[in-house]
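J.: Just passing along the structure, written as structure tokens.
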Amino acid sequence: MRRTLLLLTALALVLAACDSGGPETERQLAPGALRPYEGLGTWVDVYDYVPGFQEPGELPAVTVGSIDDMAALGVRTLYLQSAQDDPRSPDDTIDRALLGKFLRRAHEHGIEVVAWYLPRFVDVDSDLRRIRALHRFRSQGQRFDGLALDIEWTEGVPDVEARNAALIDLSERVRELVGDEYPVAAIVLEPVLLEVVSPQYWPSFPWKKVEPHYDVWMPMNYWTNRQEDSGYREGFKYTEENVRRLRANLEDDDAAVHTIGGIGDGATAADYEGFVRASREADALGWSVYDFNTVATSAWPRLRG
6 MRRTLLLLTA
16 LALVLAACDS
26 GGPETERQLA
36 PGALRPYEGL
46 GTWVDVYDYV
56 PGFQEPGELP
66 AVTVGSIDDM
76 AALGVRTLYL
86 QSAQDDPRSP
96 DDTIDRALLG
106 KFLRRAHEHG
116 IEVVAWYLPR
126 FVDVDSDLRR
136 IRALHRFRSQ
146 GQRFDGLALD
156 IEWTEGVPDV
166 EARNAALIDL
176 SERVRELVGD
186 EYPVAAIVLE
196 PVLLEVVSPQ
206 YWPSFPWKKV
216 EPHYDVWMPM
226 NYWTNRQEDS
236 GYREGFKYTE
246 ENVRRLRANL
256 EDDDAAVHTI
266 GGIGDGATAA
276 DYEGFVRASR
286 EADALGWSVY
296 DFNTVATSAW
306 PRLRG
């Protein structure tokens with residue numbers, strides 16, 4: 006009888022813990038899953054490499070051959086815009102043959118490739134369909150090494166509450182789609198922009214609601230967009246404060262971060278050095294500057310740190 010009572014008591018305690026919403030088990034990433042976000046990266050968007058996005062008579066600035074240059078410059082990861090909600094790209098991904106060439110050439114050089122996409126939030130099903138296509142993409146058996154969602158579009162859903170709901174919904178569904186072990190990064194508007202410079206741009210950003218669904222945070226530290234008199238138009242201060250605010254918003258001092266700086270053609274040598282220093286001091290996984298087409302050749306030794 007005493008043994009039965011003890012068993013019943015133990016069962017009651019277990020049920021009570023379940024009902025009280027006890028701590029959830031953290032997702033376990035596959036070993037090395039965050040490697041694509043480590044070290045020096047570079048960015049390429051559709052406007053620089055997809056023929057259909059060029060002005061009449063112009064050729065893409067970035068080609069498959071550019072990947073040879075990236076390798077020589079020390080790039081470890083190519084962040085490639087691989088889908089676009091645009092009539093010039095009617096399929097769920099950019100031209101598959103072109104994507105495959107970029108992916109395979111990068112892998113030949115040992116460069117990881119993270120596919121990124123800019124969701125519009127007007128139609129979450131449509132956004133998810135494109136992300137699913139990127140996750141399933143294969144070229145001669147090779148796939149993308151990670152995904153990243155570029156979370157910045159506000160025009161499609163001007164109502165903040167509705168936009169936040171769409172973002173949360175998409176984030177949950179993307180995680181369900183890819184599973185626990187596949188890495189997904191959030192490319193996010195920098196906190197200084199959202200909290201100091203332009204609080205009305207995207208107020209009440211749902212940091213904690215989406216936090217469980219992303220493995221790496223990639224704040225866009227675009228100091229070149231700031232005014233001189235703001236005190237933020239320099240690489241070190243802007244990057245340092247954004248990472249600090251980001252981790253505070255996530256309530257996680259150890260949140261995995263890959264810093265993005267830029268824009269390339271407006272940055273100075275001192276900016277690059279300060280940006281890399283801030284990234285290192287923040288224990289960032291890696292760093293990169295937007296974008297490959299605008300970063301001067303002379304900047305790469307500084308970016309390599």
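To convert, take the position in the sequence shown, counting from 1, and add 5; that gives our numbering.
Where is the CB? At the ideal position from N, CA and C, for every residue including glycine.
#1: To the nearest whole angstrom, what separates the beta carbons of E195 and P163, a pair I think is in contact under 8 Å?
#2: Just tell me which of G291, W222, E233, L199 has its CA closest to the CA of P208.
#3: Would DSSP call V179 helix, strand or coil?
#4: Skipping 5 residues on each side, what residues in its chain have a beta carbon closer than 8 Å to that of A304?
#5: Which residues in the same chain as I173 place their Cβ atom closer than 7 Å to its Cβ, once the five residues preceding and following it in sequence are excluded?
#6: Can you list, in chain order, the residues of its chain with a C-beta nearer than 7 Å to that of Q59? Leave out the 5 residues immediately preceding and following it.
#7: In the DSSP assignment, find the unbroken alpha helix (DSSP H) run with P306 in it and report its ends.
#8: On the DSSP letters alone, give me the boundaries of the beta strand (DSSP E) that E117 sits inside.
#9: From H263 to E157, what does the alpha carbon distance come to, in whole angstroms?
#10: Under the rule that 16 or more other beta-carbon atoms within 10 Å means buried, what is P188, buried or exposed?
#11: For A35, which of helix, strand or coil comes out of DSSP?
#12: Does D53 have its Cβ less than 9 Å from a Cβ in chain B?
#13: Sort out for me which residues DSSP pairs M225 with in a bridge.
#14: According to DSSP, is D164 helix, strand or coil?
#15: Please identify the residue among E43, A111, W48, I99 whose C-alpha is closest to the C-alpha of V311.
#16: If you compare alpha carbons, which of W222, G236, V221 is closest to W228?
#17: Pop quiz: Q151 and V129 are said to be a contact at Cβ under 8 Å. What is the actual Cβ separation, rounded to whole angstroms?
#18: By Cβ distance below 7 Å, which residues in the same chain neighbour R93 in space, the five residues on each side in sequence not counted?
#19: Throw me the rounded Cβ distance for the A261 and W222 pair, which I believe falls under 8 Å.
#20: Measuring CB to CB, does A287 end up less than 9 Å from T244?
#21: In three-state terms, what does DSSP make of W212?
#22: If you draw a straight line from the alpha carbon of R125 to that of P217, how long is it in whole angstroms?
#23: Here's the rule I'm using: 16 or more other beta-carbon atoms within 10 Å means buried, otherwise exposed. How should Q86 be labelled?
#24: Count the other CB atoms, across all protein chains shown, that sit within 10 Å of the CB of D96; report buried if there are 16 or more and exposed otherwise.
#25: Which same chain residues, not among the five before or five after V183, have their C-beta less than 8 Å away from its C-beta?
#26: Is the separation between the beta-carbon of F107 and that of Y54 shorter than 9 Å?
#27: Sorted by chain position, which residues of the same chain lie with C-beta nearer than 6 Å to L20's C-beta, five sequence neighbours on each side aside?
#28: Going by C-alpha to C-alpha distance, which of H114, D220, F280, Y219 sits closest to N247?
#29: Measuring alpha carbon to alpha carbon, tell me which of L45, E63, G266, N254 ends up nearest R231.
#30: I need the straight-line Cα distance from V127 to D155, nearest angstrom please.
T.: In this structure, then:
#1: Translated into positions along the sequence shown, residue 195 becomes position 190. Translated into positions along the sequence shown, residue 163 becomes position 158. The pair is not a contact, with the Cβ atoms about 21 Å apart (cut-off 8 Å).
#2: For the purposes of this step, residue 208 is identified with residue 203 of the sequence shown, where counting begins at 1. Considering only alpha carbons, the answer is L199.
#3: Taking the first residue of the sequence shown as 1, we reach residue 179 at position 174. Looking at V179 - three-state DSSP - the assignment turns out to be helix.
#4: By 1-based counting over the sequence shown, the position of residue 304 is 299. So the list reads G269, A272, A274, Y277, V294, once near-sequence residues are dropped.
#5: The residue you call residue 173 lines up with position 168 of the sequence shown. Excluding positions up to five away in sequence, the list reads P211, K214, V215.
#6: Translated into positions along the sequence shown, residue 59 becomes position 54. Around Q59: P65.
#7: Here the question's residue 306 lines up with position 301 in the sequence shown. Its alpha helix (DSSP H) spans residues 305-308.
#8: Here residue 117 refers to the residue found at position 112 of the sequence shown. Counting along the chain, the beta strand (DSSP E) containing E117 begins and ends at 117-122.
#9: By one-based count along the sequence shown, residue 263 stands at place 258. By one-based count along the sequence shown, residue 157 stands at place 152. Near 17 Å, if we compare the C-alpha coordinates of E157 and H263.
#10: As a working note, residue 188 is residue 183 in the sequence shown. So P188 counts as buried.
#11: Translated into the one-based positions of the sequence shown, residue 35 becomes position 30. The answer is coil: DSSP assigns A35 none of H, G, I, E or B.
#12: Reference to chain B is not applicable here, since this structure consists of a single protein chain.
#13: Taking the first residue of the sequence shown as position 1, residue 225 is located at position 220. According to DSSP, M225 bridges with L194, I265.
#14: Here residue 164 corresponds to residue number 159 of the sequence shown, with the count starting at 1. Coil.
#15: Absent from the structure is residue 311, since the part of the chain shown begins at 6 and ends at 310.
#16: Taking the sequence shown and counting its residues from 1, one reaches residue 228 at position 223. The residue with the shortest Cα to Cα distance from W228 is G236.
#17: Taking the first residue of the sequence shown as position 1, residue 151 is located at position 146. Taking the first residue of the sequence shown as position 1, residue 129 is located at position 124. The sequence shown places Gly at residue 151, not Gln. The Cβ separation is near 21 Å, so there is no contact.
#18: By 1-based counting over the sequence shown, the position of residue 93 is 88. Cβ neighbours of R93 beyond the five flanking positions: G57, F58.
#19: If you number the sequence shown from 1, residue 261 lands on position 256. If you number the sequence shown from 1, residue 222 lands on position 217. Right, the Cβ-Cβ distance comes to about 7 Å (below 8 Å), so this counts as a contact.
#20: The residue given as residue 287 occupies position 282 in the sequence shown. The residue given as residue 244 occupies position 239 in the sequence shown. Yes, Cβ-Cβ distance for A287 and T244 is below 9 Å.
#21: For the purposes of this step, residue 212 is taken as residue 207 along the sequence shown, with counting starting at 1. Note: W212 maps to helix in three-state DSSP.
#22: The residue labelled residue 125 in the question sits at position 120 within the sequence shown. The residue labelled residue 217 in the question sits at position 212 within the sequence shown. Approximately 21 Å between the Cα atoms of the pair.
#23: Your numbering for residue 86 matches position 81 in the sequence shown. Q86 is buried by the Cβ-count criterion.
#24: By one-based count along the sequence shown, residue 96 stands at place 91. Exposed is the call here.
#25: Counting from 1 along the sequence shown, the entry for residue 183 is found at position 178. These residues qualify, in order along the chain: H140, L152, V189.
#26: Taking the sequence shown and counting its residues from 1, the one referred to as residue 107 is at position 102. Taking the sequence shown and counting its residues from 1, the one referred to as residue 54 is at position 49. Yes, Cβ-Cβ distance for F107 and Y54 is below 9 Å.
#27: Position 15 of the sequence shown, counted from the start, is the residue given in the question as residue 20. Residue placement at L20 cannot be trusted, given a pLDDT of 45 that sits under 50; what the coordinates show is reported in the next sentence. There are no such residues.
#28: By one-based count along the sequence shown, residue 247 stands at place 242. Answer by Cα proximity: F280.
#29: For the purposes of this step, residue 231 is identified with residue 226 of the sequence shown, where counting begins at 1. The shortest Cα separation from R231 among L45, E63, G266, N254 belongs to G266.
#30: Counting from 1 along the sequence shown, the entry for residue 127 is found at position 122. Counting from 1 along the sequence shown, the entry for residue 155 is found at position 150. If you take the alpha carbons of V127 and D155, they lie about 15 Å apart.
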